[in-house]
Amino acid sequence: MLATARHILVSTEAQAQSLKTEIESGTDFAELAKQHSSCPSGAAGGDLGQFGRGMMVPEFDAVVFSAPVNTVQGPVKTQFGYHLLEVTSRSE
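Numbered according to the UniProt record's numbering, the sequence shown spans residues 1 to 92.
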């Protein structure tokens with residue numbers, strides 16, 4: 001199974017929740033990723049490209065391979081911080 005996803009990584013759950021509210025109000029996910037994400041992928045709008053099951057940390061993997069496509073999930077806590085993530089495609 002392969003998925004493509006994008007994410008925003010921040011240091012606090014409160015910041016992740018605030019950004020999620022902005023996205024739900026119509027703010028562009030990619031723009032917020034460029035402005036706020038501490039991950040290098042932020043420069044690309046949070047795009048992580050295509051990856052398979054087991055290539056990301058377990059907490060991230062669990063959401064990516066179960067969440068509905070094109071809906072923002074999170075905050076998801078990992079060892080890196082708090083993520084908002086959106087699965088952009090997934091194939092069996």
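We treat Cβ as the ideally placed atom computed from N, Cα and C, and that holds for glycine.
Check whether residue i and residue j have beta carbons under 7 Å apart
i	j	result
R6	D47	yes
L84	K34	no
Whole-Å CB distance - residue i paired with residue j, under 8 Å assumed
i	j	result
F29	E86	6 Å
E59	K77	7 Å
V72	I23	5 Å
Own chain, CB closer than 6 Å to residue i, minus 5 neighbours either side, in chain order
i	result
V64	A3, A5 and V87
Y82	V10, E13, A16 and P75
Among the options, the one whose alpha carbon lies nearest that of residue i
i	options	result
P75	A16, M1 and S11	A16
M1	V57, S66 and Q79	S66
Neighbourhood of residue i by C-beta, 8 Å cutoff - its chain only, sequence neighbours within 5 removed
i	result
H36	I8, V10, Q15, L19 and G42
Any non-hydrogen atom of the ligand FMN closer than 6 Å to residue i Cβ
i	result
R53	Ligands are entirely absent from the displayed structure, and the ligand FMN is therefore not among its contents.
Item checked: Contained beta strand (DSSP E) runs [length at least 3] in the UniProt domain "PpiC" (1-89), N- to C-terminal order -> 2-10, 47-52 and 72-78
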